[in-house]
Amino acid sequence: MSDYNPTTEAEIADIIAQSQGPLAIQGGGTKGVTCPGKTISTQGLTGIVNYEPGALTMIAKAGTPLAEIEAVLDKEGQRLAFEPVDFGQVLGQQSDPTIGGVFAINNSGSRRFQSGAARDFLLGVRFVDGTGQILKNGGRVMKNVTGYDLVKLLCGSWGTLGVLTEVAFKTLPKSETQRSLVLHGLTSEQAVNAMTRCVGSPFEISGAVHLPFDPSGAKTVIRIEGFEGSVAYRVEQLQKLLSDYTQSQLDDAGSVAFWNDIRTLAPLDGHSQAIWKVSVKPTDGPAIMKSAGFTGGFMDWSGGLIWGTAAASTNPRDMGINGHATLIKGPTETISKFHPEAPLVAAYSNKIRQKFDPSGRLNQGLMA
Amino acid sequence: MDMPAPNSEIIAKKAMIAARLRQVLPDRAVIEDPAETRAYECDGLSAYRCPPMLAVLPSTTEEVAEIMKICNEYNVPVVPRGSGTSLAGGALPTADSVILGVARMNGVLETDYDNRIIRVQTGRTNLSVTGAIEEDGFFYAPDPSSQLACAIAGNIAMNSGGAHCLKYGVTSNNLLGVRMVTVAGEIMDIGGAHLDAAGLDLLGVICGSEGQIGVVTEATLRILHKPEGARPVLMGFDSNEVAGQCVSDIIKAGVLPVAIEFMDRPCIRATEAFAGAGYPDCEALLIVEVEGSDAEIQEQLDKILDIARRHNPVELREAQDADQAARIWLGRKSAFGAMGQINDYMCLDGTIPVSELPYVLRRIGELSKEFGLDVGNVFHAGDGNMHPLILYNANKPGDLEKCEAFGAEILKLCVEVGGCLTGEHGVGIEKRDLMNVQFSEADLDAQMKIKDVFDPKWLLNAAKVFPLANSQARRTAA
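First to last, the protein sequences are chains A and B.
Offset between the first sequence (1-based) and our numbering: plus 1.
Offset between the second sequence (1-based) and our numbering: plus 7.
Now the structure itself:
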């Protein structure tokens, strides 16, 4: 149980306005983050407020479990196309993530390079800022340029600008079927070359990972989704494109199972001391995989996202990254969780935080 | 439309400011002759005009930084300008302002197909971004209808969309990084060739900030491989409700067309008279376009046509070749020109939840009678972004005011049914004073706090986006 367990947005506003000292915001508590102060849970704010499958939009209270949302979408043949990563296994958490938590950390999975990130699907937010003020931005329609886009600013702000109370987001149809092409025995360089060729083809792929440490040997897996005829056609075209390599195929069920494992980060050793997430341009991926000091891991986003396991003393930032590295699990006492920003960017970001949370109470120390 | 009174103290210093700017810019890059500054007196919202005090046309990011330092030192208002195609008055100057035009900065800095990015200077036009890569099979997706002329700088400022954003997203979804000059003249880089910039999503808030936060001089854009082909179908219905239901059913069936365009009867008639595209005379018309190989296109069209037939269309026309495809698009693409033949028009841009479409069209019809002005509707139905075109006579006293009042009622209606004031054109001055309809004082204040952070003296494009009464204290504090 948290220190505060509000069930309405107004209660959250009261708690923030009337309390003093730091507050740690908790959704499902699945991100392995601990902040100082009293805990305030959003889990009492639940329920789907509005869902229009024909408009591809849903509005839900921030504490609504992700599982509940996915079940409701599934009934209508829809899904969250940005495929949020499930950290439960590797972080050893039993509880369910909330939809607010998903957007608060801009949690996007393997389909991100094709369909967009969580932030690209978030249409509107209601939130309470660090002074207890209830605010809204965006709306529930897909195209909206009315005023500044604070929706994106809130998405990925890890609760440091305000407590999300309600989110409106875009949904997409599930694909009728999917298949995956598997390439065997590629080096990281060969894999990124193959994956970027697929991404840069007209044959629209929705997943591209390389698993250099797979027990059965290095594996590169390309996902193709859509209507049956279209999938068959694109698989054939991609097979031709990749004819230099030894290939096999995963059918619909096999492909679904494989990408579920990726979504739960199953290839990562949950017992490792540290888990890193590195975002770079895809062609930089192999060098990082090789030289960042990772003991295990894999590349997603056709090489642009590296999940690495490492010893507590390893810091991939030391090699100089043109992108950013986030410490998902590990010694955050000695290594900052987030990639240090350029001084000018950090200065402006800090000023924004001071505007929304003048006394720096919300998730104190995170992102700062 | 009110604009703040120009600051006469600044205008009095015009010669000195021009001289200071000439110290950091080539002579030809500083324009002060009133005969020449007049070229910058308006943008696409040409009902409102005001020549700037000066115009500057820098060629490098460093020059932009020097300009900003000087303007900041003397508290000179700056209005950034791309190609000046804004329909919302986003680039309208004030008499005490410096227009900062990025048109001379139009180069391609980097093309990287492996990582699917292009880095350009922001004065480059939208279409010429695609022009630089199309021979290699690639394109830049956002396609505002002004794409021949509009600059990437303006696309970023307004977070521009286009007909194909149902599938590919708007500017914000295709922008990976920027180099931006702040009001203080600092040069900052945000994001880059990698996905998702680190830290707070400043990129997200810069995109769509209407030139009020900084001057973006370079952009890293996501590019895509062109699809193998594309083909439209045209369908006519005898009621807006049925057409709206058909859109919703297509989306629910899991087909994701690249575009779903909608035209109502007044618009169909006007375009037929103008372009003779051979459209049926019906209540509502849909153009749905899908992409892929021939077989993939057929697979999607079969599903779409199946759905359409269930709604008893009065016309169902599938393009058999490129010529027929062009004819299907002809009327839609000439819709604005066709309405312009009849009279002057004002183009609105509100977005509504798709399910509210029949109700909103009915209400617009009623309002049209009340105001005594004709209106035609053409819009991106897949995402609910409407473009009502209100016809009026600019030479008839009072007609523009009546048209604006009618437009305001339509936009209020959009907000009332759960939508918003603008889907892709931006607020500018045009919808500035309606912002209170959609946002509370606190909501607007939260947005203005972002401007406070980047532009504490409110020098950049300050009289836009926020109702003047709301921004008054901030604008006049310096």
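Each residue gets a CB set at the ideal place from its N, CA and C atoms; glycine is no exception.
Source: prediction; values computed, not measured.
- request: Would you kindly work out how many angstroms separate the C-alpha atoms of residue 462/B and residue 222/B, rounded to a whole number?
  value: Walking along the second sequence from the start, residue 462/B turns up at place 455. Walking along the second sequence from the start, residue 222/B turns up at place 215. Rounded to whole angstroms, residue 462/B to residue 222/B spans 11 Å at the Cα level.
Closer than 9 Å at the beta carbon, the chain B residues around residue 84/A: Residue 84/A sits at position 83 when you count from the first residue of the first sequence. Neighbours of residue 84/A on chain B: none; closest Cβ ~14 Å, over 9 Å.
query: Which partner residues of residue 157/B appear in the DSSP bridge assignment?
result: As a first step, residue 157/B must be located in the second sequence, where it is residue number 150. The partner list for residue 157/B (beta bridge, DSSP) is empty, contrary to what the question assumes.
field: residue 157/B beta carbon less than 7 Å from that of residue 100/B
entry: One-based indexing of the second sequence puts residue 100/B at position 93. One-based indexing of the second sequence puts residue 157/B at position 150. For the 7 Å CB-CB criterion, residue 100/B and residue 157/B do not form a contact.
query: Hey, residue 72/B and residue 109/B: beta-carbon distance below 7 Å or not?
result: The sequence position of residue 72/B within the second sequence is 65, counting from 1. The sequence position of residue 109/B within the second sequence is 102, counting from 1. No, the pair does not count as a contact, with Cβ atoms beyond the cut-off.
message: For residue 292/A, count the other beta carbons within 10 Å of its own beta carbon; 16 or more makes it buried, fewer makes it exposed. Which is it?
response: Residue mapping note: residue 292/A aligns to position 291 of the first sequence, counting from 1. When all chains shown are included, residue 292/A counts as exposed.
message: Check for me: the alpha helix (DSSP H) holding residue 486/B runs from which residue to which?
response: Because chain B spans 8 through 485 in this model, residue 486/B falls outside it and cannot be assessed.
- prompt: Over what stretch of residues does the alpha helix (DSSP H) that includes residue 277/A continue unbroken?
  reply: Reading the first sequence from its first residue, position 276 is the one you call residue 277/A. Taken as a continuous stretch (DSSP letters only), residue 277/A belongs to no alpha helix (DSSP H), being part of the beta strand (DSSP E) at 275-281.
field: Continuous beta strand (DSSP E) stretch holding residue 310/A: start and end
entry: Indexing the first sequence from 1 puts residue 310/A at position 309. Counting along the chain, the beta strand (DSSP E) containing residue 310/A begins and ends at 306-311.
field: Presumed contact (8 Å Cβ cut-off) between residue 120/A and residue 211/B, rounded CB distance
entry: The sequence position of residue 120/A within the first sequence is 119, counting from 1. The sequence position of residue 211/B within the second sequence is 204, counting from 1. Contact between residue 120/A and residue 211/B holds: CB atoms are separated by about 6 Å, below the 8 Å threshold.
message: Taking contact to mean 3 or more Cβ pairs, one atom from each stretch, closer than 8 Å, check whether the segment 239-258 of chain A and the segment 199-217 of chain A are in contact.
response: yes
- request: Please compile the residues from chain C whose C-beta is within a distance smaller than 8 Å of the C-beta of residue 156/A.
  value: Among the protein chains of the structure shown, namely A and B, there is no chain C.
message: Tell me which residue opens and which closes the alpha helix (DSSP H) that residue 253/A is part of.
response: Working through the first sequence from its first residue, we reach residue 253/A at position 252. Per DSSP, residue 253/A belongs to the alpha helix (DSSP H) from 253-264.
- prompt: Do you know how far the Cα of residue 14/A is from the Cα of residue 177/A?
  reply: The count along the first sequence starts at 1 and reaches residue 177/A at position 176. The count along the first sequence starts at 1 and reaches residue 14/A at position 13. Their backbone Cα atoms lie some 43 Å apart in a straight line.
query: Can you name the start and end residues of the alpha helix (DSSP H) that residue 345/A belongs to?
result: Here residue 345/A refers to the residue found at position 344 of the first sequence. Start and end: 344-357.
query: Using CA coordinates, which residue listed in 459/B, 433/B and 473/B is at the minimum distance from residue 51/B?
result: Residue mapping note: residue 51/B aligns to position 44 of the second sequence, counting from 1. The shortest Cα separation from residue 51/B among 459/B, 433/B and 473/B belongs to 433/B.
- request: State the start and end residues of the unbroken beta strand (DSSP E) segment that holds residue 326/A.
  value: Start at 1 with the first residue of the first sequence, and residue 326/A comes out as number 325. First-last of the beta strand (DSSP E) with residue 326/A: 324-330.
Close-in-space but distant-in-sequence residues of the same chain around residue 235/B (CB under 7 Å, 5 per side omitted): Walking along the second sequence from the start, residue 235/B turns up at place 228. So the qualifying residues of the chain are 299 and 300.
- prompt: By how many angstroms is the C-alpha of residue 431/B removed from the C-alpha of residue 187/B?
  reply: In the second sequence, the residue the question calls residue 187/B occupies position 180. In the second sequence, the residue the question calls residue 431/B occupies position 424. Roughly 22 Å between the two C-alpha positions.
message: Quick check on residue 228/A - is its C-beta less than 7 Å from some C-beta in chain B?
response: Here residue 228/A is taken as the residue at index 227 of the first sequence, counted from 1. It does; some Cβ of chain B falls within 7 Å.
- prompt: In terms of residue numbering, what span does the beta strand (DSSP E) encompassing residue 287/A cover?
  reply: Residue mapping note: residue 287/A aligns to position 286 of the first sequence, counting from 1. Where residue 287/A is concerned, there is no enclosing beta strand (DSSP E), although the alpha helix (DSSP H) it sits in stretches over 286-292.
field: CA-to-CA distance, residue 366/A to residue 451/B, given in whole angstroms
entry: Taking the first residue of the second sequence as 1, we reach residue 451/B at position 444. Taking the first residue of the first sequence as 1, we reach residue 366/A at position 365. Computed Cα separation, rounded: 28 Å.
- request: Assign residue 319/A to one of three DSSP states: helix, strand, or coil.
  value: As a first step, residue 319/A is located in the first sequence; it is residue number 318 there, counting from the start. Three-state DSSP puts residue 319/A in a helix.
task: Taking residue 221/A as part of the beta strand (DSSP E), name the residues at either end of that continuous run.
output: As a first step, residue 221/A is located in the first sequence; it is residue number 220 there, counting from the start. For residue 221/A, the enclosing beta strand (DSSP E) covers residues 220-227.
field: Cα-Cα separation, residue 59/A to residue 410/B
entry: In the first sequence, the residue the question calls residue 59/A occupies position 58. In the second sequence, the residue the question calls residue 410/B occupies position 403. The alpha-carbon atoms of residue 59/A and residue 410/B are separated by roughly 35 Å.
- prompt: In or out: residue 382/B buried (at least 16 other Cβ within 10 Å) or exposed?
  reply: The residue given as residue 382/B occupies position 375 in the second sequence. Burial call: buried.
message: Under 8 Å: do the segment 141-157 of chain B and the segment 75-84 of chain B share three or more Cβ pairs, one atom per stretch?
response: The segment 141-157 of chain B is not in contact with the segment 75-84 of chain B.
- request: Mark residue 9/A as exposed unless 16 or more other C-beta atoms lie within 10 angstroms of its C-beta, in which case mark it buried.
  value: Within the first sequence, numbered from 1, the residue matching residue 9/A stands at position 8. Exposed, since its Cβ has fewer than 16 Cβ neighbours within 10 Å.
query: Going by DSSP, which residues form a beta bridge with residue 297/A?
result: Indexing the first sequence from 1 puts residue 297/A at position 296. Per DSSP, 310/A.
message: Using a Cβ-Cβ cutoff of less than 6 Å, which residues in the same chain neighbour residue 348/B once the five nearest sequence positions on both sides are dropped?
response: On the second sequence, position 341 is the one that residue 348/B refers to. Within the same chain, residue 348/B has close Cβ partners 281.
query: What residues match up with residue 266/B in a beta bridge as DSSP calls it?
result: As a first step, residue 266/B is located in the second sequence; it is residue number 259 there, counting from the start. BP columns for residue 266/B point to 296/B.
task: Taking only the alpha-carbon atoms, compute the straight-line gap between residue 342/A and residue 137/A and give it to the nearest angstrom.
output: For the purposes of this step, residue 342/A is taken as the residue at position 341 of the first sequence. For the purposes of this step, residue 137/A is taken as the residue at position 136 of the first sequence. If I take the Cα positions, the gap works out to 28 Å.
message: Is there a C-beta anywhere in chain B that falls below 7 Å from the one on residue 367/A?
response: For the purposes of this step, residue 367/A is identified with residue 366 of the first sequence, where counting begins at 1. It does not: the Cβ of residue 367/A has no partner Cβ on chain B nearer than 7 Å.
query: From this set, 37/B, 18/B and 17/B, which residue's C-alpha is nearest residue 26/B's C-alpha?
result: Within the second sequence, numbered from 1, the residue matching residue 26/B stands at position 19. Relative to residue 26/B, the option among 37/B, 18/B and 17/B whose CA is nearest is 37/B.
query: Given residue 173/A, which residues of its chain have a CB within under 6 Å of its CB, disregarding the five upstream and five downstream residues?
result: To locate residue 173/A, count along the first sequence from 1; it is residue 172. The answer, listed in chain order, is 82.
- prompt: Does the beta-carbon distance from residue 351/B to residue 412/B come in below 7 Å?
  reply: Taking the first residue of the second sequence as position 1, residue 351/B is located at position 344. Taking the first residue of the second sequence as position 1, residue 412/B is located at position 405. No, the pair does not count as a contact, with Cβ atoms beyond the cut-off.
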